[in-house]
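Participant: Quick note on numbering: the sequence shown equals residues 1 to 944 in full-length UniProt numbering.
Glycine included, every Cβ here is placed at the ideal spot set by N, Cα and C.
Just so it is clear, the structure is predicted and the values come from calculations on it, not from any experiment.
My questions will all concern the structure given below.
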Amino acid sequence: MEPIAVVGLLAASFQFVEQGSKFISIAKQFLGGTAGFHEMKVARSVLQAVALQLSAEASQQTPRQQSTEDQDVLKLVKQCLALAEDINGLIDKCRPKKSAKLGNTLAAAGRMMLNKNTIEDLQSRLTRLEDALALQLITSTRSEVRQCIDGLHGLGLQQQAQMLEAKRIQETLKSGVNVAEFNPQAMAGLKEVIELSNKATLDAERLQFEQGLAALKFSAMDERYVEIVEPFPETFAYMLEDDEQLLRTHPDLQISFREWLLHGEGTFHISGKPGAGKSTLMKMLCEDDRTTAALTTWAGPTRKLVFAKFFFWKYGTSLQRSLEGLYRAILHEVLLHCPDLSLSLFTKRPGHWVDMSRGEIEHGFDQLLKLVETANQTNHRFCFFIDGLDEFEEGEMIHSDLVARLQGWAQNSKGNIKLCVSSRELPAFRRLSVAQKIRLQLLTQHDIELFVHGHLVTLEEFQELRSEGGDAEEQCDDFFRELVSKAEGVFLWVSIVVRSLRKGLIDNGDSIYKLRQKLDHIPSDLDKFFQYMLEAIELPYRKDAYATFAVAMKLAKSGRFNSLSLLRYSFLFDWLENPPFHEQGSLRRLTPRGLDFRLDKAVNRLGARCNSLLEIQRLGNSKYKNAPTHRDIVKFIHRSVPDWLDIHLKEFVQDFDVAQAILQTLLAQIRFGCLVPSSLVAIDLANYVIYFKPVPESASPNTINTWFTQLDTLDDALQRNLSNGDPSYLSSHVNRGDAPSLAPLIDDRGLAGEYLSLPHIAAFLAQHDYLKHKLGKSKHLTEGTLGASLLECAILAISGRALDDVLSTLEVLFQQGVSAKSQTVTAMFGKSKMNISLVGCVWTELSRNPHLFEYEWKAIRLFLQYGAEPDCVLHWLPQWSEIKGIRSVNGKPWTLFQHTKHSLSPAVKTFLNGKMAAKEEFSVQDLVDVIFPNGEFQGLGDAH
């Protein structure tokens, strides 16, 4: 028998002994006149129920090959059931007549007295049974329990029923400890079993909760927050220190921010112009210990503070700019600090959160709000910081709807939810009360003074201007005040201007007159300022600048990971000057020195052509201080820049082929960047496949063929690079967040070198149309280990792609000649090559999600159709050995289907019940034929 079955039978037997002892005790009380016959009948009914449960479990767990320990356990169960029959016989023999007259009751008591020896015998048998159970526990069960516990530590998402059964057994065992008077050795053994099983189930529950929490969190959830720069020292101090400054600059403000944290409620709104520093301030407030201390005071000594944050991001993933992303972030933080609320918010156990729909997420959040709204006295108080309301993506819900919803959270919470939000000064946000609103640009003058003083005035060159004599010092001080005043509270403006002034001071030796002249020409309005910056680019460089802006904007809009690497940026100039440059042999594969030279030149070009509207984000580490690396990316200095360029740049790039520029720079990076690790190249390839693919429904055959040719060209360049360069070229870490992540394909999970190609990436991304094209003319890719590795990539696509596309990809691979009998050839499904059937891997990947019942069987059918060994299929189906032998758990021969939300179709039920009644074994192909009559899926009935 399975270990958990052995433990379950012994636990149920302990429970029977407990109830039997209670019955004997009441029977003796009846003989002594201190209990009535009714109490004895109630005790008998409870005992009968326990005996029936024990009998049912014993009949379900008949082992195919009985071990000695199994036989001993079943003998003890039989003794329990025999005792139950004898107790029933005693009650039947002694019960009063139907009439409740005193004489009848006395007669029943007399009959019980005549059977006093029988009662003593029953008690003696119970005692002996108790001792035998204890002995069995010591001799065999502890080893079984340990096996069971080892299994519990590895419980997956499909083993909820087993974990619940284990918890039921624990409770039964605990009741046995409370009533049984075992010898010390037996008692110690039983307690050890309970402690071990309790620890195992707690570990399993904790693991499932962590899995559920990880499912709520999305990888880009904190990305925007992390990328925000730290504030200049001592800036924004007034928010937590100087109430007077806030109140003085805002006549309508009725409460300072610090007082709002301590005692306020509702919504506090931080508004401001683009570039005023709203996000920087919000991050500072989230991280400042004084914020937490003040909110803890607000929560009070008897309630727990729950703090959560979310930063909307217009150019991020869909979740970063949506309500669902906001819900997920808040729920994650709430449950991280209050795991006890999980069952109140979700009907699913944490192990099943991984497949929750958007509707279920919203329902969970609504339940959180209802808990706060309906509770007379909640044990929690919640404060949410939400940045960038204007970066929320409007659709059915517009910005004003979002504001109304957020206000509703606070207004309906009985003072237990409050929010701090930030946004630009758009009309939709005017409904947020001025009584709890600040305009950041009215407060930042001192902050900007600190910034200008730290980045410009303290420069040695500026101090030399001050010391030139005459009125030089006064002129420099006036210039300082004019610069601060002209910024109008906008940090973005002053940071770009100061950068330009520093360059003039340091590189060109500008005088105070020249600095003032520059400042006079720079407009203070941000829109006019961007226009000025664009026009300030020298004429010979403007074409390059416009092209760079267009490529950077297209990549940013195409996906979160489609950033412009510094190396690709360097190739953009080669292509602009000579489009077929990499086909004419004008470039050679980069040497380390050549790579450094190219990157340095790209940095200089960026500064000369883009006038500080683009900057370099350092992601790599160079052995030389501040030297650029291949990991560095080119990004806009602020999100307001691409917003402005999106409106004003179109007329300058009408004839520029942005898509072709992106393709050619990617191709050049692959061909010549042999020293570049795989992270950027692999991600760029995957993103190119996903985001630049023509829409099949609207694209012409010629467009599709051109697309396939482009991918073939990229693959050819990749294979040449791999064969001529470092064989581990694509073997470094590339897991940079949600789709597309190629981490399962490479690095320590095994797919690298000879097993990496664009077809592998296409298989992982479920791009079956390109695979059909490529494999149709490259049959060698379908053979042996290469074919198996493509199949592995397609199976891994299950976790993040449309499953119809995944099944189509599998079918294309089989049609093109990949063997359905393939075994693993890499370490993608474990830390080492496991040499297991890939049909088992596809089942394992699909069975992670309980809603994918139909796809599980479609995949199995597909493998069988193309020649997979049935035995390989059977090996991986949960409890298949029980199902096909009609020896199933809990009397149900379809344990395999229990995790689905749907009921089985009548045909499947009839088939399984018939096989069970006849005790006939059947093959997996038999079951597939029933599930797919006439080739159509008919496995499910109506949903529960």
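Let me know the alpha helix (DSSP H) ranges lying completely inside the stretch 790-820, each 4 residues or longer, listed in chain order.
Facilitator: 803-815
Participant: What separation, rounded to the nearest whole angstrom, lies between the Cα atoms of Q53 and F911?
Facilitator: When rounded, the distance between both Cα atoms is 27 Å.
Participant: For Q517, which three-state DSSP category applies?
Facilitator: If DSSP states are grouped into helix, strand and coil, Q517 belongs with the helices.
Participant: In its own chain, which residues sit with a C-beta less than 8 Å from the C-beta of L426, not counting the 5 before and 5 after it?
Facilitator: D390, H399
Participant: State whether the stretch 289-305 contacts the stretch 648-659, with contact taken as three or more CB pairs (one from each stretch) at a distance under 8 Å.
Facilitator: no
Participant: Near M397, which residues of its chain fall below 7 Å by C-beta distance, leaving aside the five closest residues on each side in sequence?
Facilitator: L323
Participant: Give me, in chain order, the residues of the same chain whose beta-carbon lies closer than 7 Å to that of Q123; leave out the 5 immediate sequence neighbours on both sides.
Facilitator: I24
Participant: On the CB-based measure, 16 or more other CB atoms within 10 Å of its CB, does K779 come out buried or exposed?
Facilitator: exposed
Participant: Quick one: what's got a C-beta closer than 6 Å to D684's C-beta in the same chain, skipping five residues either side?
Facilitator: Cβ-Cβ distances below 6 Å link D684 to L666 in the same chain, with the five nearest sequence neighbours on each side left out; the list follows chain order.
Participant: Could you give the distance in angstroms between the alpha-carbon of M284 and the alpha-carbon of L492?
Facilitator: 17 Å
Participant: Can you say whether residue 945 is buried or exposed, counting buried as having 16 or more other CB atoms within 10 angstroms of its CB?
Facilitator: The shown model of the chain, from 1 to 944, leaves out residue 945, and the question about it has no answer.
Participant: Who are the Cβ neighbours of V334 in its own chain at under 6 Å, not counting the five residues just before and after it?
Facilitator: V306
Participant: Applying the 10 Å Cβ sphere with the 16-neighbour rule, what's the burial state of Q823?
Facilitator: By the 10 Å Cβ count, Q823 comes out buried.
Participant: State the beta-bridge partners of S423 as determined by DSSP.
Facilitator: S271
Participant: Since L714 contacts D632 with CB under 8 Å, what's their CB separation in whole angstroms?
Facilitator: So it is not a contact: roughly 23 Å between Cβ atoms.
Participant: Please classify G469 as buried or exposed, where buried requires at least 16 neighbouring CB atoms within 10 angstroms.
Facilitator: G469 comes out exposed.
Participant: With distance defined between alpha-carbon atoms, name the residue in T706, D92, R95, S59 nearest to L81.
Facilitator: For the residues T706, D92, R95, S59, the minimum Cα distance to L81 belongs to S59.
Participant: Within the continuous beta strand (DSSP E) that includes Q617, where are the two ends?
Facilitator: 614-617
Participant: Does R861 come out as helix, strand or coil in the three-state DSSP assignment?
Facilitator: helix
Participant: H630: buried (16+ other C-beta within 10 angstroms of its C-beta) or exposed?
Facilitator: buried
Participant: Going by DSSP in three states, D574 sits in which element: helix, strand or coil?
Facilitator: helix
Participant: Can you tell me the Cα-Cα spacing of V928 and E936, whole angstroms?
Facilitator: 11 Å
Participant: Select from Q475, L614, D478, F209 the residue whose C-alpha is nearest the C-alpha of L534.
Facilitator: L614
Participant: Quick check: what's the CA-CA separation for L765 versus E18?
Facilitator: 59 Å
Participant: Take R258 and list the residues in its own chain whose beta-carbon comes closer than 7 Å to its own, dropping the five residues that flank it on each side.
Facilitator: L240, D243, A294
Participant: Across the stretch 458-473 and the stretch 245-260, are there enough close Cβ pairs to call them in contact, namely three or more that are closer than 8 Å?
Facilitator: No: fewer than three Cβ pairs fall under 8 Å.
Participant: Would you call the stretch 603-612 and the stretch 574-581 touching, i.e. three or more CB-CB distances under 8 Å?
Facilitator: no
Participant: Name the DSSP beta bridge partners of C383, please?
Facilitator: F307, K418
Participant: For I860, which option in A907, L810, G817, Q816 has the closest C-alpha, if you only look at C-alpha atoms?
Facilitator: L810
Participant: Quick one: grab the DSSP three-state call for V42.
Facilitator: helix
Participant: Leaving out five residues before and five after D527 in sequence, what residues of the same chain have Cβ atoms less than 7 Å from its Cβ?
Facilitator: Excluding sequence neighbours, D527 sits near W644.
Participant: V457 and L483 - do their beta-carbons sit closer together than 7 Å?
Facilitator: no
Participant: So the beta strand (DSSP E) I633 belongs to, where does it begin and stop?
Facilitator: 633-636
Participant: Quick one: is A487 buried, meaning 16 or more other Cβ sit within 10 Å of its Cβ, or exposed?
Facilitator: A487 should be labelled buried.
Participant: Starting from the C-beta of V930, find all residues in its chain whose C-beta is less than 7 Å away, skip the five residues before and the five after it, and write them out in chain order.
Facilitator: A907, V908, F911
Participant: Can you tell me whether A329 is buried or exposed? The criterion is at least 16 other CB atoms within 10 Å of its CB, across all chains shown.
Facilitator: buried
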